[in-house]
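First up is the structure itself, then whatever we jot down about it.
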């Protein structure tokens, strides 16, 4: 059955613009459509009417790239828990619903245009220590470094982070603790990452503060909205690693 | 400040001072239980206990640690929430984020302000008159703090305000206790669960204990 929806979408010309909501009507929508397909439909309609299309981030559209991310009715990635915006479908809404769509908001994530947000602060964070220092060249034979199954699983649970920024967007303090925690926890669990664990955590935490990400008050909201359900215990691991590094220094 | 420059270090300070205050809550409650003894016995024992506390050098040192903890815990909270306050640009126009967390975990500041106000009044009502005021003496020659406490707990308004503050304390502890351990880096999934459970039991016992005494005195005297 075709659906009718009313969309209240945040329109902002550039990062200096104050921005405002515009309301659009869409008819004959297929409930099997994804949320992004609905935005595509709207943009087609806008282009046909010679209006500026709504800009939004997207890439893989299969829930693994972390590019798409908007606040849908006041919730990061919309109402269903632990999904990305591209995995949200119109069947989650009722015919005639009004949907409010806003960009992710944080001091470290300035809005570039409409729903498009500059999340390069995450890249800056990664550049400050979210990697391991190894020589380039051919990858070594994997089995030369034996890693127990449970350690590999632990590391992978943290490595599953797709860097979408929903944790920051949903946090009342705009904290990046879950993102950084996942990275620290992932690399500290593995022998390849252990060599630089102290330097890594000190640098990343300092950079996190410099980039104006807030502190963590352990409300746990980030895990609820995280598409990968990354556990808040990785934040505890971050706190542990930071304390360990500080004491060792 | 003292190497507490990063937000994570600030959270350590928050956690350590918070946990010390939790320990103090237990000691203070155990002392208060003497109010529940039979009336004559309670008066002498409670006043003797108060006199002992104010005379003991070790208790005095711990008291200063306590004052410093309260001040650091409060200043740190103000500093951190001031740092992460929202600007107009980062405030959501339509906000339903609250579905993802407990209300008391987001309102620690509000609960803390109620507790701070309570502490100021509490110090003014009992600590100040005991230390600097003129109190009558009991049969053993100790300052009669007991009568002052009983008189306060017979006032319905006072008991009501006291109950509000203790309820605020309950929710503050419910989030604060386990949160302190997480801030200090307890990342083990099993022990983190155990601490969470202990936190709930601790908050409940503290709440029941502190609420029970004034209500019992109000009803029985």
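Chains as they are written, first to last, in our numbering: chain P, 315 to 563; chain C, 71 to 291.
Every residue, glycine too, gets a C-beta built ideally from N, C-alpha and C.
Output the boundary residues of the alpha helix (DSSP H) element that contains residue i.
| i | result |
| --- | --- |
| residue 209(C) | Counting along the chain, residue 209(C) falls outside any alpha helix (DSSP H), and DSSP gives it neither H nor E. |
| residue 522(P) | 511-524 |
| residue 464(P) | 463-473 |
| residue 267(C) | 259-290 |
| residue 506(P) | 505-508 |
| residue 174(C) | 173-176 |
How about residue i and residue j: are their beta carbons less than 8 angstroms apart?
| i | j | result |
| --- | --- | --- |
| residue 521(P) | residue 501(P) | no |
| residue 85(C) | residue 535(P) | no |
| residue 287(C) | residue 223(C) | yes |
| residue 476(P) | residue 378(P) | yes |
| residue 161(C) | residue 168(C) | no |
| residue 383(P) | residue 371(P) | yes |
| residue 265(C) | residue 275(C) | no |
| residue 285(C) | residue 229(C) | yes |
| residue 164(C) | residue 425(P) | no |
| residue 196(C) | residue 218(C) | yes |
| residue 525(P) | residue 438(P) | yes |
Say whether chain P places a C-beta atom closer than 8 angstroms to the C-beta of residue i.
| i | result |
| --- | --- |
| residue 220(C) | no |
| residue 92(C) | no |
| residue 71(C) | The pLDDT assigned to residue 71(C) is 46, lower than 50, so where the model puts this residue is not dependable; a value taken from the coordinates is nonetheless given after this. Chain P, which has no Cβ nearer than 8 angstroms to the Cβ of residue 71(C), makes this no. |
| residue 293(C) | For residue 293(C) there is no data in the structure shown, the boundaries of chain C being 71 and 291. |
| residue 182(C) | no |
| residue 157(C) | yes |
| residue 32(C) | It is not possible to answer for residue 32(C), since the shown part of chain C is limited to 71 through 291. |
| residue 88(C) | no |
| residue 124(C) | no |
| residue 254(C) | yes |
| residue 206(C) | no |
| residue 120(C) | no |
| residue 273(C) | no |
| residue 238(C) | no |
Please check if any C-beta of chain C sits within less than 8 angstroms of the C-beta of residue i.
| i | result |
| --- | --- |
| residue 385(P) | yes |
| residue 414(P) | yes |
| residue 539(P) | yes |
| residue 519(P) | yes |
| residue 478(P) | no |
Helix, strand or coil for residue i per DSSP?
| i | result |
| --- | --- |
| residue 482(P) | helix |
| residue 71(C) | Residue placement at residue 71(C) is poorly supported in this model, since its pLDDT is 46, which falls under 50; the coordinates still yield a value, given next. Residue 71(C) falls in the coil class under three-state DSSP. |
| residue 82(C) | helix |
| residue 101(C) | helix |
| residue 336(P) | strand |
| residue 378(P) | coil |
| residue 113(C) | helix |
| residue 426(P) | strand |
| residue 495(P) | helix |
| residue 500(P) | helix |
| residue 551(P) | helix |
Contact check, residue i vs residue j under 8 angstroms by CB: the rounded distance?
| i | j | result |
| --- | --- | --- |
| residue 277(C) | residue 226(C) | 20 angstroms between Cβ atoms; not a contact. |
| residue 340(P) | residue 319(P) | 5 angstroms |
| residue 487(P) | residue 166(C) | Not confirmed; about 18 angstroms, so no contact. |
| residue 446(P) | residue 506(P) | 5 angstroms |
| residue 357(P) | residue 345(P) | With a Cβ gap of about 20 angstroms, residue 357(P) and residue 345(P) do not count as contacting. |
| residue 560(P) | residue 499(P) | With 8 angstroms as the limit, residue 560(P) and residue 499(P) do not qualify as a contact, their Cβ atoms being about 17 angstroms apart. |
| residue 435(P) | residue 483(P) | Not really, about 12 angstroms apart at Cβ, beyond 8 angstroms. |
In terms of residues, what are the limits of the beta strand (DSSP E) holding residue i?
| i | result |
| --- | --- |
| residue 414(P) | 412-416 |
| residue 324(P) | 317-325 |
Does at least one heavy atom of the ligand GDP sit under 7 angstroms from the Cβ of residue i?
| i | result |
| --- | --- |
| residue 127(C) | With respect to the ligand GDP, the structure offers nothing, as it holds no ligand at all. |
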